[in-house]
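Okay, so here's the structure we're looking at.
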Amino acid sequence: ATSTFVPAVVVGSGYGASVSALRLGAAGVRTLMLEMGQLWNTPAADGNVFCTMVNPDQRAMWFKTMTEAPLDTLLWLPVINKQINSYAGVLDRVDFPNMKVYVGRGVGGGSLVNGGMAVTPTKDSFPDILPGVDVDEMYTTYYPLANRMLGVNSVDPNWWNTTDCYQFARVGRDDAAKAGFSTAFVPNVYDFDYMEQEALGQVPKSALNCEVIYGNNHGKRSLDKSYVPAALGTGNVTLKTLTKVTGIGRNADGTYAVNTSTVDTNGNTTSSQTVNCKYLFLGAGVLGTMNLLLQARETGTLPALSQQFGQNWGPNGNIMTARANWKPTGSVQSGMPTLGIDARNQAVPVFAEIAPMPANFELFISLYLAITKSPERGSFSYDPTSGQARLNWGPSQKDFAENAAKTLFDKVNAANGTIYRYDLFSGNRAFGDDFCYHPLGGAVLGSATDMYGRVPGYPGLYVNDASLIPGWTGVNPFVTITALAERNMARVIPTDNITN
Ligand code: FDA
Numbered sequence: 009a010t011s012t013f014v015p016a017v018v019v020g021s022g023y024g025a026s027v028s029a030l031r032l033g034a035a036g037v038r039t040l041m042l043e044m045g046q047l048w049n050t051p052a053a054d055g056n057v058f059c060t061m062v063n064p065d066q067r068a069m070w071f072k073t074m075t076e077a078p079l080d081t082l083l084w085l086p087v088i089n090k091q092i093n094s095y096a097g098v099l100d101r102v103d104f105p106n107m108k109v110y111v112g113r114g115v116g117g118g119s120l121v122n123g124g125m126a127v128t129p130t131k132d133s134f135p136d137i138l139p140g141v142d143v144d145e146m147y148t149t150y151y152p153l154a155n156r157m158l159g160v161n162s163v164d165p166n167w168w169n170t171t172d173c174y175q176f177a178r179v180g181r182d183d184a185a186k187a188g189f190s191t192a193f194v195p196n197v198y199d200f201d202y203m204e205q206e207a208l209g210q211v212p213k214s215a216l217n218c219e220v221i222y223g224n225n226h227g228k229r230s231l232d233k234s235y236v237p238a239a240l241g242t243g244n245v246t247l248k249t250l251t252k253v254t255g256i257g258r259n260a261d262g263t264y265a266v267n268t269s270t271v272d273t274n275g276n277t278t279s280s281q282t283v284n285c286k287y288l289f290l291g292a293g294v295l296g297t298m299n300l301l302l303q304a305r306e307t308g309t310l311p312a313l314s315q316q317f318g319q320n321w322g323p324n325g326n327i328m329t330a331r332a333n334w335k336p337t338g339s340v341q342s343g344m345p346t347l348g349i350d351a352r353n354q355a356v357p358v359f360a361e362i363a364p365m366p367a368n369f370e371l372f373i374s375l376y377l378a379i380t381k382s383p384e385r386g387s388f389s390y391d392p393t394s395g396q397a398r399l400n401w402g403p404s405q406k407d408f409a410e411n412a413a414k415t416l417f418d419k420v421n422a423a424n425g426t427i428y429r430y431d432l433f434s435g436n437r438a439f440g441d442d443f444c445y446h447p448l449g450g451a452v453l454g455s456a457t458d459m460y461g462r463v464p465g466y467p468g469l470y471v472n473d474a475s476l477i478p479g480w481t482g483v484n485p486f487v488t489i490t491a492l493a494e495r496n497m498a499r500v501i502p503t504d505n506i507t508n
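In mature numbering (1 follows the signal peptide of the UniProt record, and there is no 0), each residue's number is its place in the sequence shown (first place is 1) plus 8.
Take a look at the structure:
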């Protein structure tokens, strides 16, 4: 293995990591970004970078032989998931007992596979999301900055009201209203002007071609089109892909040693290198950051890490459910959600995204991803056999969130004469309660780290991703992850005198 030095290393290239890299680069700090997934910019033989959801291939999943879409079956039939070749694909699902966590792999992290919903939480809810963080500063400076940098835009309500591709959302709105629930439009990073052109048949289709969880070939402003090129454009940031950080430690001179392993798209190791740095920013997402920190603490390469690392994890109260509608929800459905049932003012707040189920034919299904204010928290412990952090989440820890979602959707069903679908989630269940899209926590701000993501006892070591947030954001999390990352960088770069 070779060894090299760079002033700053950023692990990962998702929201927290790409903000970190841009702000370091803009401050003149030479920075290396390390991402275990691919840079998704090269069309395959079919002319597309990504595959679709209805016709998935090896590009869909991170080294799996079967796709792992969140809905297992349709009419109890295994028609959704397909056999594929093992390859460095874009979506990963990491399975723990009672909880499966979906993550994106590639330059841009979760932004490559997510629904693009760009939601700023209400100011009133913020003190419960990130206790101790200056609310006014977030809402006057960092939320607006994050929205601007991410390219957030809103659907034209007139178009939305008439287009076939949001019939599912209009039905969802009307059904909610019958039960006395209001809905709220949510902004997105998908370019709605482009989507309108898709509907007119003027441009290649992406959101209207069943593309979302395996990547969007067009229209979506994922991080590889926003923060990452801005970071590279500073001239101080370099990016190394298909390169996984396998371990971190500290050298005698106080610099950090970052061990890396580079693979080809078939998973064969092509090289290994140790990168030494003065400043190390962990932005590998909750699972990646937990792996590195718990391994370092338990194997003794960073022995002074506190026991707080690994605590206070939550799935943002995620619960998926579906109703059997008798009204048509539309055979063409945009992959990008635009509306949520807004029950955030209830005793147990719920914000339920009205999700598409794009299939190119009429399914009469109303699908939802509910975000509930569940107080349940899990923790990570280190598994020496695999060298990975293992999530501890008990079989009944889903109950609170499931009950909150059930209370809401029982009312929606009663008001509309509809029932739950039991054929979509394995085990004949109405609720998809054993997986999440929104992992949050594990390196919580103000308990594991200081109030800006600094790791106590290790000057120059920072956490800057979703692991800082203690388990719940009330709405979809990436705008909050981005805004918090901006706030932290604005503080630590000048205060800690971060330079080459
Ligand atoms: P993120 O997970 O984005 O990035 C981490 C990166 O680090 C990944 O690219 C990973 O490959 C890399 N990495 C990990 N370990 C590494 C290592 N050891 N070495 C090198 N690289 C490593 N949110 C929202 O607000 N609106 C939405 O609509 C949705 N929808 C949605 C759908 C689906 C299917 C998913 C999976 C997720 C969402 N989300 C979402 C959630 C959102 O995408 C998520 O919260 C953020 O991506 C988390 O951002 P982070 O910066 O923490 O890491």
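Glycine included, every Cβ here is placed at the ideal spot set by N, Cα and C.
Around the beta carbon of G55, fewer than 16 other beta carbons lie within 10 angstroms, which makes this residue exposed. Annotated three-state conformation of G257 is strand, per DSSP.
When rounded, the separation of the alpha-carbon atoms in T503 and T81 is 53 Å. For F134, the enclosing alpha helix (DSSP H) has its first and last residue at 134-137.
Counting only the Cα atoms, S234 lies some 11 Å from G241.
At least 8 Å separates the beta-carbon of T309 from that of G262.
When beta bridges are read from the DSSP output, C285 appears opposite Y264. Within 10 angstroms of the beta-carbon of L85 lie fewer than 16 other beta-carbons, which makes it exposed. Within its own chain, the residues whose Cβ lies closer than 6 Å to the Cβ of L30, once the five positions on either side in sequence are excluded, are Y235, A238, A239, listed in chain order. Shown here for V483: same chain residues with a beta carbon closer than 7 Å to its own, the five before and five after excluded, namely V127, P129, F359, I379 in chain order. Around S269, the same chain offers K252, T254, T277, S280 as residues with beta carbons nearer than 6 Å, after the five sequence neighbours per side are excluded. Between the ligand FDA and F486, a heavy atom-to-CB distance of less than 7 Å is present. In this structure L300 is in contact with L290, their Cβ atoms being roughly 6 Å apart against a cut-off of 8 Å. Taking 7 Å as the cut-off, the C-beta of E219 does not count as close to any heavy atom of the ligand FDA.
With a contact defined as Cβ atoms closer than 8 Å, Y110 and F443 qualify at about 7 Å.
DSSP places F200 outside any beta strand (DSSP E); the residue lies instead in the alpha helix (DSSP H), whose first and last residues are 200-207. Around the beta carbon of W334, a 10 Å sphere encloses fewer than 16 other beta carbons of the protein chains shown; the residue is thus reported as exposed.
Judged by DSSP in its simplified three-state form, G296 adopts helix. DSSP lists N284 as the bridge partner or partners of F13. Using a 10 angstroms sphere on the CB of R462, the tally of other CB atoms reaches 16 or more, which defines it as buried. Listed in chain order, the beta strand (DSSP E) runs fully inside the stretch 319-390 are 319-322, 326-332, 347-351, 358-363, 373-380, counting runs of at least 3 residues. According to DSSP, M459 shares a beta bridge with no other residue. Inter-residue distance for G112 and A184 is about 31 Å (C-alpha atoms, whole angstroms). In the DSSP assignment, N508 falls outside any alpha helix (DSSP H), carrying neither H nor E.
Here N259 really is in contact with N284; their C-beta atoms are around 6 Å apart, less than 8 Å.
For D441, the three-state secondary structure derived from DSSP is coil. Taking 8 Å as the cut-off, the Cβ atoms of Y202 and S119 do not count as close.
When the Cα atoms are used, L231 and F486 turn out to be separated by approximately 11 Å. Note that the stretch 455-474 does not touch the stretch 419-432; fewer than 3 beta-carbon pairs, one per stretch, sit closer than 8 Å.
Taking a contact as a CB-CB distance under 8 Å, the pair G449 and V211 does not count as one, their CB atoms being some 40 Å apart. Across the set P152, M125, G348, the C-alpha of G348 shows the shortest separation from the C-alpha of D182. Rounded to whole angstroms, the Cβ separation of T329 and E219 is 23 Å, and the two are not in contact under 8 Å. Look at L42: its beta carbon is less than 7 Å from one of the heavy atoms in the ligand FDA.
In summary, D473 is buried, with 16 or more beta-carbon neighbours lying within 10 Å of its beta-carbon over all protein chains present. Judged by the Cβ position, I489 qualifies as a neighbour of the ligand FDA at the 7 Å threshold, a heavy atom of the ligand being closer than this. The beta carbon of F372 sits closer than 8 Å to those of A332, N333, W334, K335, P336, T337, all from its chain and outside the five residues before and after it, given in chain order.
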